[in-house]
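Worksheet: the structure to be examined is printed underneath.
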Amino acid sequence: MNSSNILHVLNLLTPEIVLCGLAFGVLLLDIIFFRSDSVEHRHEQLGCSVIIGLVMVFFIYALQYMDWQNTFVVGHGAFVASRLNTLFKMAVVGLALITVVIGFKTPYSTHVGEYYGLMLFSVLGMVFLISSEDLLMIFIALELISLTLYVLTAFQKGARRSVEGGLKYFIFGGFSAAFLLFGLSYIYGATGHTSLREIAGALQGDQLAKVPMKMLGIGILFTLVGLGFKIAAAPFHLWAPDAYEGAPTPVAAMIATGSKIASFVALTKLLLIGLPAAAGSALSWPTRWHSGWAGTVAIIAVLSMTIGNFAAIMQTNVKRLLAYSSVAHAGYILVAIVAIQASGVPAPSAAPAIYFYIIIYALTNIGAFGVVNAIGSKAGGDDFEHFTGMARRSPYLSLLMLIFMLSLAGIPPLAGFFGKFYLFAAAVQADPKNLGLLWLVAYAIAMSAVSLYYYLKLTKQMYVLPAKDPRRVTSNPAMNTSLGLIGLMVLLMGVFPNKVVERFENLNANPYPIWEAAVPPPPQPEIPVPAPAEKPAVPAPAAPAPKS
Amino acid sequence: MPTLSDYLVLSAILFSIGLAGALTRRNTIIILVGLEMMLNAANINLVAFWHFLPPSPTGQMFALFAIAIAGAEAATGLALVIAVYRHYRSVNAEDISNLKG
C-alpha cells in the first residue's frame, strides 16, 4: 500500500533514523568526549557504543519483521518496507555487528571515530539499497556504500597496500558508477519512469510499442556493467583481489558480505521487478536464445565462474583467494538470476534459492574473514605461509576455517552444499520440459568441482604441513564466541536448510506484490498509521506473526 | 531547435571521450577527470530526457542528485590520490603496483 502520511513514513524509517543518528553520534562522541584519550581506549569505548547501537537497530528490525504483514511503499518505491526486505536488513546489520566485533581492539589508524562513523554510513547505504525500488534511490544508496568503502579500504594510511587497494577500488568503482548512471539515464529515457514498478508497467502490452528498444537495451547493458562491478562479477572483478588484500580485514569482510548482499538484492529487484519484460532467454544455447538480459547475465555468469575459479588456484594470499572465490560465487548466483525469468514467468523456486544462497555465502565468508583476521593479526600476515601448520598452533580457529572452506566448496553436511543445491535445482526447474538451462548448470557444477581444489589447498596448508613456528595462536574470547556461533549457524543451516528456505518462499508468496510484481499495484486508499481494523489478507503461513 | 537525438549524440561523444581518457592515461588525476566527464555525460542525458518527456520533475532531480554525488566522488578520489602520493611520491598509475597476483 502507498504510504504518504509523514508520521507513518517516519515510523517505518525508525531503524534507519536510529542508524543515521548512531553514525553521527559516534563522530561527535569521539570529538567531544574521547579526544584526549589513548587510541586503544577510544577504540574500545566507541566500539562498545557501536555494538550496543547496532544490537538496538537489529532488534527494531526484528520487531518490525514480527509486526508487519503488509508491504508499504513510500514515494512510488523510493522506500519499500516489507518483511523480506527487513529480513535482509537484519542480515546486513548482523554482519556489520560481526565486522565490528572482529575488528575490535585492532585500531588501524588514529581516526577511530571516523572508522566507525564511515562503517555505519556504509550500513545505512546497504539498508537503503535493500529497500529501494527506484533508480534514483538505487544509485544514491549504491554510491553511499561505495564512497564509504573506498575510504575504509584506504583507512590504514600508514600501509602502502591499504592506500593502493583503496585507490584501485576507487578507480574501478568510479567507472562502474559512471556506467551505472549512464545506463540508468537510458532506462529512464526509454520508459519515462524511475520507479521499478512503473518501468515494468511501461514495458507491458501495447505500451511496449512506444518504447525505443535499442535505447533500453543499451541502458540495461550499461546498468549490468555497473552492477557487475559492485558484485565483482568477471570481467569487472579486477578491483576485488587488490581491494580485499589491501583493505583492513574487517573492511574486506564488509565489502565481501554486506555490500554484496545489498548489491545482489538490488540487481535481483531491478531485473525481476523492473525489467521482466526485457528478459529474453538463455535456454538451450544457441537454438532458443532470445536477446535480452538473460543472455548477457548468462555470459557474465560463465565468465565469472571460469575466471574466479581458475585464478583462485594460483593465489598464495588467503584474502586474494577469498576475493577470487567470491567472483566465482557471484557467477553461481547469476546462474539462478538467469533462471528467474527463463520461461517467461517468474520461476517460483529461483528467488528463494538466490536469497538463501546470498545469506549462506555472506555468513560463511564473514566467518572466513574473521578467522583470517584472528590468525593474520597474530601470525604477522595473511599469506599461505602464515597459515602453515595452523592446526597445531590453533586447533579451534583451524577447525572453524575448515568448516567455512568446506561450506564454500559445497560439501554436503554444510550450508554451502544446500545453497548450491537449491540454486542449481531452481535453474534446472526453470524450464522443466526441455531442461534448457542444463548447459549452464552442468558448467557451474564442473566449476565448483574445480573450486574444491583451492579450498583444500588452504586446508592442506593448515592441517598437513608441519608448523615452522610452534607458538600457539589465540584470539580474544569475544571473537572466539562470535566465530564459533557463525560456524554453528553454517552447520545448522546445512542440517535444517528447509527452515530458512521455507521462510523465503513464504515471503515470496506474500499476497501483496513484493518481487513478482510485473504490474504496478492498483492505487489503494491511503491508510494512515497501521490500521488495526484492517486484517492482513493472508497471514504468512510459516511465521505466525505474534503482536509483540 | 536541437532535437533529443542531438543531445544524446553529444552525451555519447562526451562519454566516449571520458572513457577513452580514463582508459589510456596513466596519471590518476587525468583518470579522475575522465570519470567526471562520463558522469556529466549521463547528466546531459537525464536533463535532455527530462526536457522531452511529459512534464515531471524526476529527470531534473535525478541530475541534481547525480551532480552532488559526482562532487563527493571527486573529493574522495583526490583524497585517495593524496594518500597514495605520500607513499609512492607519484600519481602515475604504473608506479602504484605493489599488489599483484
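Chains as they are written, first to last, in the working numbering: chain L, 1 to 548; chain Y, 1001 to 1101. Cβ atoms here follow ideal geometry from the backbone N, Cα and C, with glycine treated the same way. Being a predicted model, the structure only gives us computed values, none of them experimental.
Is it buried or exposed, R1086/Y, if we count other Cβ atoms within 10 angstroms and call 16 or more buried?
exposed
State the DSSP-derived secondary structure class of S1016/Y, mapped to helix, strand or coil.
helix
Whole-Å CB distance - R197/L paired with I273/L, under 8 Å assumed:
6 Å
Would you kindly check if the distance between the Cβ of L1008/Y and the Cβ of A1063/Y is under 8 Å?
no
Could you work out which residues of chain Y lie near A177/L, taking near to mean beta carbons separated by less than 9 Å?
Within chain Y, the residues L1035, M1038, L1039, I1069, A1070 and E1073 have their CB atoms less than 9 Å from the CB of A177/L, given in chain order.
Is there a Cβ from chain Y that is less than 8 Å from the Cβ of G381/L?
no
When you compare only the Cα positions, how much space is there between L208/L and G217/L?
13 Å
Does DSSP put V57/L in a helix, a strand or coil?
helix
How close, in whole Å, do the beta carbons of F58/L and G94/L come, if the pair is a contact with beta carbons under 8 Å?
6 Å
By how many angstroms is the C-alpha of S82/L removed from the C-alpha of L399/L?
38 Å
Considering only DSSP beta bridges, list what N1092/Y is partnered with.
N1027/Y
With a cut-off of 8 Å, does the C-beta of H1087/Y fall near any C-beta of chain L?
yes
Between the Cα of P1054/Y and the Cα atoms of G192/L, A234/L and A444/L, which residue gives the shortest distance?
G192/L
Identify each residue in the segment 179-196 of chain L for which the Cβ-Cβ distance to at least one residue of chain Y is less than 8 Å, and report them in chain order.
F179, L181, F182, L184, S185, Y186, Y188, G189, G192, H193 and T194
Within 10 Å of its beta-carbon, does R320/L have 16 or more other beta-carbons around it, so buried, or fewer, so exposed?
buried
Please list the partners that G1077/Y has in chain L, where partner means a Cβ-to-Cβ separation under 9 Å.
Y150, L167, F170, I171 and G174
On a Cα-Cα basis, can you pick out the residue from A379/L, L492/L and P107/L that is closest to L414/L?
Distance check between L414/L and each of A379/L, L492/L and P107/L places L492/L closest, using alpha-carbon atoms only.
Excluding the 5 residues preceding and the 5 following Y65/L in the sequence, name in chain order all residues of the same chain whose CB lies nearer than 7 Å to its CB.
R83, T86, L87 and M90
Any idea what DSSP makes of A81/L, helix, strand or coil?
In the structure shown, A81/L adopts extended strand secondary structure according to DSSP, grouped into three states.
Which of the three DSSP states is assigned to S451/L in this structure?
helix
Could you give the residue range of the alpha helix (DSSP H) that holds V73/L?
Taken as a continuous stretch (DSSP letters only), V73/L belongs to no alpha helix (DSSP H), being part of the beta strand (DSSP E) at F72 to V74.
If contact means a Cβ-Cβ distance below 9 Å, which residues of the segment 129-143 of chain L contact chain Y?
L135, L136, F139, I140 and E143
Give a yes or no on whether the minimum CB-CB distance between T1024/Y and chain L is below 8 Å.
It does not; no Cβ of chain L falls within 8 Å.
Using the three-state DSSP reduction, which class does S482/L fall into: helix, strand or coil?
helix
So the candidates are L440/L, L452/L, A301/L and T249/L; which of them puts its Cα closest to the Cα of K105/L?
Nearest of L440/L, L452/L, A301/L and T249/L to K105/L, Cα basis: T249/L.
D382/L to V371/L span [Cα, whole Å]:
10 Å
Looking at chain Y, is there any beta carbon in it that lies within less than 8 Å of the beta carbon of P523/L?
Its pLDDT being 46, under 50, P523/L is placed unreliably in this model, and the coordinates cannot settle the point.
Runs of alpha helix (DSSP H) lying entirely within the segment 384-436 of chain L, each at least 4 residues, in chain order
390-393, 395-409 and 415-429
Quick one: list the residues of chain L neighbouring N1045/Y, beta-carbon separation under 9 Å, in chain order.
L181, F182, S185, Y186, Y188 and G189
Beta-carbon proximity of F264/L to I333/L, cut-off 8 Å:
yes
For a test of the three-state rule: what should DSSP assign to D134/L, helix, strand or coil?
The DSSP-derived three-state label of D134/L is strand.
Could you check whether K269/L and A362/L sit closer than 8 Å to each other, using their CB atoms as the reference points?
no
Skipping 5 residues on each side, what residues in its chain have a beta carbon closer than 8 Å to that of V500/L?
F356, I359 and M493
Is there a Cβ from chain L that is less than 8 Å from the Cβ of G1101/Y?
With a pLDDT of 49 at G1101/Y, under the threshold of 50, the predicted position of this residue should be treated as unreliable, though the coordinate-derived value follows. Yes, G1101/Y lies at the interface with chain L (some Cβ there is under 8 Å from its Cβ).
Same chain only: Cβ atoms within 6 Å of V335/L, ignoring 5 sequence neighbours per side:
Only residues of its own chain outside the window of five on either side were considered, and among them A301, A427, L440 and A444 have a CB closer than 6 Å to the CB of V335/L, listed in chain order.
Contacts that Y147/L makes with chain Y (C-beta to C-beta distance below 7 Å):
The residue you asked about is not Tyr; residue 147/L is Leu in the sequence shown. Going along chain Y in sequence order, the residues near L147/L (Cβ under 7 Å) are A1072, E1073 and T1076.
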